[in-house]
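Asks: Take a look at this one; I'll ask things after.
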Amino acid sequence: MGWASASYIFDPVAQALIDSGATDELKTRVLADLIRTLKDGDWDTEHESLDQFAGDAAIVEAFRQHGVVIQCDADTDDSSCELETGHAGDHRDWQGKTWRQEDNPVREHAEVLQPHDVRLPGTRQWQVHCPRCAEPSIDRGTINEDGTLSQGGDHEAVTVHPDRDNYDGPIETRGGYVEVALYCGAGHAFQLIVANHKGAEYVAVVS
Ligand SMILES: [Zn+2]
Ligand SMILES: [Zn+2]
């Protein structure tokens, strides 16, 4: 028998740390200790608690230190991959069966561009997630054809393309556009595009 009620111990402690403004370092240290103790007691709903705090990188790290990760969940036959989402290399299920990672299909709109409430007056903000693995942690830079990373700063990663009245943009728009080169921790390269086309303005994530 598992110990589902351990989530009633973990969740309020995690929430209290967040509410009190604890640093990431403190959250990871305190919660990793708690997770170890609860797992020793046969906690079996730890993935539910992880899901609940999946947006907090320090808490995700505390779980990761004890082998509890947000799973990839790519399917094959009758099982699914239990490695961490965004992992490199082959998929692997709980029995150790591996299969090739095909090019990840592009994620749905709502996963790629997520509303981000900053509570600034007159502002609507979205956070860009990796369009291939939905990883929220991304950086500016270009992954070259040989796999190396060029991280020359914003002056290399951000390009303003003037309006040439030509269909030369990556989303086949006619006007000028801004292109931001991005990559995620799993090594997926993609671009954020802001472009104008015949009196309409578009935001796109291209991979
Ligand atoms: Zn996988
Ligand atoms: Zn990715």
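For the sequence shown, our numbering begins at 5 and goes up steadily by one. Positions of the beta carbon are idealized from the N, C-alpha and C atoms, including for glycine.
Any chance you could list the residues with Cβ under 6 Å from a heavy atom of ligand 1, keeping chain order?
Replies: The answer, residue by residue, is Cys76, Ala78, Cys85, Leu87, His91, His95.
Asks: What does a CB cutoff of less than 6 Å around Glu50 pick up in its chain, not counting 5 residues either side in sequence?
Replies: Val72
Asks: Count the other CB atoms, across all protein chains shown, that sit within 10 Å of the CB of Ser53; report buried if there are 16 or more and exposed otherwise.
Replies: buried
Asks: Around the C-beta of Glu160, are 16 or more other C-beta atoms found within 10 angstroms, so that it is buried, or is it exposed?
Replies: exposed
Asks: Label Val207 either buried or exposed according to how many other C-beta atoms from any shown protein chain fall within 10 Å of its C-beta, with 16 as the threshold for buried.
Replies: Counting the other Cβ atoms within 10 Å of the Cβ of Val207 gives fewer than 16, which makes it exposed.
Asks: Quick one: any contact between the region 147 to 161 and the region 105 to 116, if contact means 3 or more CB pairs under 8 Å?
Replies: no
Asks: Tell me whether Glu106 is buried or exposed, calling it buried when 16 or more other Cβ atoms sit within 10 Å of its Cβ.
Replies: Glu106 comes out exposed.
Asks: When you compare only the Cα positions, how much space is there between Phe57 and Tyr181?
Replies: 37 Å
Asks: Nearest-angstrom Cα distance between Cys134 and Ile142?
Replies: 7 Å
Asks: Taking just the CA atoms, how far does Gly203 sit from Asn170?
Replies: Spanning the two alpha carbons is a distance of roughly 14 Å.
Asks: When you compare each of Gln75, Val209, Gly179, Asp167 to Tyr187 by their alpha carbons, which one comes out closest?
Replies: Val209
Asks: With a Cβ-Cβ cutoff of 8 Å, do Ala18 and Leu35 count as a contact?
Replies: A contact, by the Cβ cut-off of 8 Å.
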